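Step one of this worksheet: look at the structure below.
In this note's numbering, the protein residues as written are 1 to 174.
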């Protein structure tokens with residue numbers, strides 16, 4: 001990730017911090033294809049700001065990330081946070097010392113029609129949230145419990161079907 005610099009990250013500034021996440025959630029029920037591209041949302045803080053609201057939200061789209069594990073996503077968000085905070089960022093003609101307080105990676109799962117979000121808080125703390133097409137938040141373990149329940153049901157059904165078929169084949173053979 002050493003080839004990424006502050007200038008190569010095309011951030012879009014939000015008028016209201018977090019609005020890009022809300023907008024993404026609002027379109028989930030209308031997605032008919034593979035869905036929106038992966039998005040990274042940053043909540044940044046400027047300690048030298050004289051305004052009442054030194055925090056801003058920015059976002060940008062990201063492709064090519066390894067989303068096979070939450071650890072790789074957390075490492076990516078940490079790297080981006082370090083790049084943003086390594087030196088003052090040129091911001092509308094002025095150097096601003098931004099510090100990323102929170103970074104969220106959003107990726108859409110077209111198979112389950114859910115948006116998976118990994119949020120890293122700086123310093124420390126990782127949160128995994130799944131948002132279904134109705135905008136409901138599910139905790140990762142709830143989804144896993146549901147999948148486990150379905151899996152268990154299918155195993156029971158498979159065992160029952162195998163037993164019935166075995167009895168049937170024994171009856172036919174006799």
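Note that CB positions come from ideal geometry on N, CA and C, so glycine has one too.
In this text, all values refer to a predicted model and were calculated from it rather than measured experimentally.
The ligand MN heavy atom lying under 7 Å from the CB of residue i
| i | result |
| --- | --- |
| residue 97 | Because no ligand of any kind appears in the structure shown, any question about the ligand MN cannot be addressed here. |
Residue i to residue j span [Cα, whole Å]
| i | j | result |
| --- | --- | --- |
| residue 65 | residue 132 | 22 Å |
| residue 83 | residue 14 | 20 Å |
| residue 107 | residue 37 | 7 Å |
| residue 19 | residue 29 | 17 Å |
| residue 113 | residue 25 | 12 Å |
| residue 175 | residue 21 | Because the chain here runs from 1 to 174, residue 175 falls outside it and cannot be looked at. |
| residue 144 | residue 138 | Because residue 144 carries a pLDDT of 48, less than 50, the predicted location of this residue cannot be relied on, and the following value inherits that uncertainty. Taking the straight line from one Cα to the other gives about 10 Å. |
| residue 97 | residue 33 | 40 Å |
| residue 134 | residue 71 | 27 Å |
| residue 136 | residue 31 | 16 Å |
| residue 111 | residue 125 | 28 Å |
| residue 16 | residue 57 | 7 Å |
| residue 86 | residue 47 | 15 Å |
| residue 52 | residue 27 | 32 Å |
| residue 99 | residue 105 | 17 Å |
Boundaries of the beta strand (DSSP E) in which residue i is found, first to last residue
| i | result |
| --- | --- |
| residue 130 | 126 to 132 |
| residue 48 | First-last for residue 48: undefined, no H or E at that position. |
Proximal residues to residue i (C-beta, below 8 Å), its chain only, five neighbours per side dropped
| i | result |
| --- | --- |
| residue 9 | 60, 80, 83, 84 |
| residue 178 | Here the chain comprises residues numbered 1 to 174, so residue 178 is not present and cannot be evaluated. |
| residue 149 | Any reading at residue 149 must be qualified, since the residue scores a pLDDT of 47, below 50, and its modelled position is unreliable; no value is offered. |
| residue 74 | 118, 120, 126 |
| residue 12 | 20, 58, 59, 60 |
Assigned secondary structure, residue i (DSSP; H/G/I helix, E/B strand, else coil)
| i | result |
| --- | --- |
| residue 40 | strand |
| residue 136 | coil |
| residue 103 | strand |
| residue 247 | Residue numbering for the chain in the displayed model covers 1 to 174; residue 247 lies beyond these limits and cannot be assessed. |
| residue 56 | strand |
| residue 151 | Bear in mind that the predicted position of residue 151 carries a pLDDT of just 43, short of 50, making it unreliable; the figure below should be weighed with that in mind. Here residue 151 sits in helix by DSSP. |
| residue 13 | strand |
Close Cβ partners of residue i (< 7 Å) along its chain, the five nearest in sequence each way excluded
| i | result |
| --- | --- |
| residue 116 | 107, 109, 130 |
| residue 127 | 119 |
| residue 78 | 120 |
| residue 35 | 108, 110 |
Where the alpha helix (DSSP H) containing residue i begins and where it ends
| i | result |
| --- | --- |
| residue 116 | Looking at the DSSP string, residue 116 is not in any alpha helix (DSSP H); the run it does join, the beta strand (DSSP E), is 114 to 121. |
| residue 25 | 19 to 27 |
| residue 72 | 70 to 85 |
Nonlocal neighbours in the same chain, by C-beta distance under 6 Å from residue i, ignoring five residues either side
| i | result |
| --- | --- |
| residue 62 | 38, 40 |
| residue 103 | 42, 77, 81, 120 |
| residue 23 | none |
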